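In the numbering used here, the protein residues as written are 96 to 672.
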């Protein structure tokens, strides 16, 4: 039966294909008494081999996408499954208790977990509990004949339907087979949306119940431009969707011709178009889309995709790879931004009733200086390999910036004394707290650059959690209050002679781009997939003419919709393409 689901348009484009449900299956184990020991032992060993084969495939793809260091966790998983003691314990349980293999696996792994939990003074062994859960789930799945959903094992084109994507899913995504994403949760700034835009894949998020209403293997049409999903579409709808897909491919080929062009407006105003990345695996997309630098590297993924704090050398290897690969283009790396919706499970922090307003980002770094200093040393060492800029997140007061800068200066001084090679580094800040936006003129006297983080700036200004679907309507990047703050930041930066960038999703929004260009924004940093579309758009705009549009929007508009109407009236032909 044909059904239409509504959600949030997160990444442009139309695609049709089979649904792949990335949903946890039922792995409940029922105890059975067995009569044929050899058959049951054989079942166990076949499942063991299949589980190891799965993980080897995942490891191979992780190595290709993220490098050997990041793939080491899968080596640990394989070692667990091949542990002679674990195998012998399961075999003994089957033989002595005459139980089915899945019951024996559940008993033995539960005993192992209890032992690990008892080693409270050994952090390494505590962290192995998560690994044990992963391998137990995979082994049990094979014994039960249940296919575990795993993006890394997809070998044909599908549309992924899931409750929500988490950062660690990034390692598994193969753009060759993933056509698009549909999620229950999320908004335009959620990880799922950002990942889709980075990969230039259509996405609809925040549908609330897609995983309940879309069966595995069902044909669906995903419209990431309108924000809807059609389940069991008609023949005519499929034909229309396929025509739109062909148009999208043709448009992409046209945009690819701009890959090596500079970004210059119709009247000759040049700006920089940079890309946002989460890990080094995003670099190919950055280069393929002709970005002129990296305006934001979110270093928290390096921490979130690990089961313990990355060492200074591990961080250095990643930062060096990024900086060296982009040289001589600039790379802005943001120091650790955790807390809020990005906790680290292995970093013990106190419970907070409102973590978005709590000890997050720069506040965490200043509270845990050993982690902060390790990251700064790794960044300073990596600066010798290209043009690196360091950016502090969530700065609310001048004292916070000064404290962070003093720690940076201290670590730089120590490395200078030790004769460690370093490059010349610009140190700046994200402006994402309204207090900092209102005092931008004061901050501009002490920083080398400012970058507007609109995702949080909008959330804090509108008093709305951007991950909450119930208040998603308040995520309004064109609201006059937001525009006034952004304009204030740009003017403050220019008055002090420093560049102002934007690294929030607003930077690649086609409605916002004419306004930002008219305001004089120096650098637009966005998902890699939006770079070429934005370059084409800017090339069709007259920056000086847009100044009157900005003035009208700032002084006359009272609502977000009024601003949208003004932009559409000012540049109708451009935005309808």
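Backbone N, C-alpha and C define an ideal beta-carbon position, used for all residues, glycine too. Small disclaimer: the values here were computed from a predicted structure and weren't measured.
Measure the CB-CB distance between residue i and residue j and report whether it falls below 8 Å.
i	j	result
residue 273	residue 195	no
residue 426	residue 481	yes
residue 585	residue 534	no
residue 155	residue 197	no
residue 370	residue 389	yes
residue 100	residue 308	yes
residue 430	residue 460	yes
residue 243	residue 175	no
residue 588	residue 625	no
residue 453	residue 301	no
residue 645	residue 597	no
residue 517	residue 583	no
Have a look at the options and flag the residue whose alpha-carbon is nearest the alpha-carbon of residue i.
i	options	result
residue 612	287, 638 and 190	638
residue 124	411, 231, 574 and 156	231
residue 465	483, 442 and 451	442
residue 382	353, 596 and 407	353
residue 420	254, 404, 106 and 479	479
residue 206	192, 224 and 270	224
residue 292	399, 620 and 642	620
residue 93	283, 547 and 112	Here the chain comprises residues numbered 96 to 672, so residue 93 is not present and cannot be evaluated.
residue 334	110, 474 and 602	110
residue 380	413, 169 and 417	417
residue 141	187, 212 and 233	233
residue 319	312, 329, 289 and 306	289
residue 190	409, 277, 133 and 576	133
residue 269	282, 643 and 250	250
residue 98	135, 340, 326 and 200	326
residue 608	594, 631 and 623	631
So, helix, strand or coil for residue i, using DSSP?
i	result
residue 618	strand
residue 550	helix
residue 285	coil
residue 655	helix
residue 218	Because residue 218 sits at a pLDDT of 49, beneath the cut-off of 50, its placement in the model cannot be relied upon, and the point is left open.
residue 200	helix
residue 425	strand
residue 318	strand
residue 240	coil
residue 360	coil
residue 489	coil
residue 294	coil
residue 101	strand
residue 532	helix
residue 672	Any answer about residue 672 is weak, because its pLDDT of 44 lies below 50 and its placement is not dependable; what the coordinates show is given next. Residue state, collapsed to three classes: coil.
residue 545	strand
residue 271	coil
residue 452	helix
residue 106	strand
Here's the rule I'm using: 16 or more other beta-carbon atoms within 10 Å means buried, otherwise exposed. How should residue i be labelled?
i	result
residue 423	exposed
residue 240	exposed
residue 342	exposed
residue 445	exposed
residue 336	buried
residue 530	exposed
residue 653	exposed
residue 218	Reliability of the predicted coordinates at residue 218 is poor, the pLDDT of 49 falling under 50, and the value obtained from them is presented with this limitation in mind. Label assigned to residue 218: exposed.
residue 449	exposed
residue 550	buried
residue 661	buried
residue 329	exposed
residue 643	exposed
residue 650	exposed
residue 271	exposed
residue 212	exposed
Checking contacts by CB at 8 Å: is residue i closer than that to chain C?
i	result
residue 459	Absent here is chain C; the protein component of the structure consists of one chain.
Measuring from the CB of residue i, is there a heavy atom of the ligand FMN at a distance below 7 Å?
i	result
residue 567	For the structure depicted, the ligand FMN is absent and the ligand set is empty, with no information on it obtainable.
Is there contact between the stretch 501-512 and the stretch 560-574, where contact requires at least three CB pairs shorter than 8 Å?
no
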